[in-house]
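Worksheet for the structure shown next.
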Amino acid sequence: MALRALHIIERGEKMSKAIFPGSFDPVTIGHIDVLQRAAKLFDEVIVVILHNGDKQSLFRVEDRLTFLRHATKNIANVRCAYEDGLTVAFAKKEHASAIIRGVRSIKDYEYEMDIATANRHIDDSIETVFFFADPRYSFLSSSLIREWLRCGLDVSDYVTHEVAIALQNT
Ligand code: ADP
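The opening position of the sequence shown corresponds to residue 4 in this note's numbering, with each subsequent residue numbered one higher.
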């Protein structure tokens, strides 16, 4: 895959369709950075909120989707969606060839490797493509944002404009 990606980049071509799944509770500028970089590489990227029943969420799915739509409105080849099934099943349904994930640390790497391997067992025609976090955002996570909010800290530098506005109004 890496070699194929390299050849495609050298030829200035893009690689079909990818999905970028996550909780996005809430979307951060770290997520957007990955999305912008992925949108340069793929013809189309679908950023998809994957419902995770185990996780207690801060924002409702509808709000998270609205935030994502606002944040991506100027990236022509990005679409936003919601899914409550399996990531791989969603990728298949959308005829996507890749799953995008971000890696911030060794901890992420180990976690992401397990998920990518499991997904590969389900369907090995779909590749997981990793983007290393921009060092400016490698400390940043939605859970950190939620933690800071609980402590009354200002998070507006780290979330998208609409999330910051929504938080001001709560
Ligand atoms: P999940 O619950 O599936 O981990 P998240 O919304 O927390 O959903 O993250 C979605 C993806 O974005 C994950 O692959 C995560 O590693 C990546 N990610 C989150 N924050 C950042 C960041 N600051 N920089 C790069 N990637 C990130």
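Beta carbons are placed, not taken as given, at the ideal position from N, Cα and C, and that holds for glycine.
Test item: CB-CB of residue i and residue j under 8 angstroms
i: Y112; j: G33; result: no
i: G105; j: F134; result: yes
i: L170; j: L152; result: yes
i: V48; j: F93; result: no
i: S26; j: F45; result: no
i: A74; j: V30; result: yes
i: I129; j: A41; result: no
i: A99; j: A167; result: no
i: E86; j: L53; result: yes
i: V91; j: D126; result: yes
Under the three-state DSSP convention, the category residue i falls into
i: I103; result: strand
i: I82; result: Sequence inspection shows Arg at residue 82; the Ile mentioned does not correspond to that position. Looking at R82 - three-state DSSP - the assignment turns out to be strand.
i: F27; result: coil
i: T76; result: The sequence shown places Lys at residue 76, rather than the Thr named in the question. Three-state DSSP puts K76 in coil, outside helix and strand.
i: E97; result: coil
i: L53; result: strand
Per-residue burial, residue i [other beta carbons within 10 Å of its own, 16 or more giving buried]
i: D28; result: buried
i: E65; result: exposed
i: Y161; result: buried
i: P138; result: exposed
i: C83; result: buried
i: E150; result: exposed
i: S159; result: exposed
i: I174; result: The structure shown does not extend to residue 174, since the chain spans only 4 to 173, so no value can be given for it.
i: N172; result: exposed
i: L38; result: buried
Residue i Cβ short of 7 angstroms to ligand 1 heavy atom set
i: L143; result: yes
i: F45; result: no
i: Y140; result: yes
i: H54; result: no
i: E130; result: no
i: R104; result: yes
i: T75; result: no
i: V48; result: no
i: R123; result: no
i: T163; result: no
i: T31; result: yes
i: V166; result: no
4 or more residues per run - each alpha helix (DSSP H) lying fully within the stretch 111-162: 145-153
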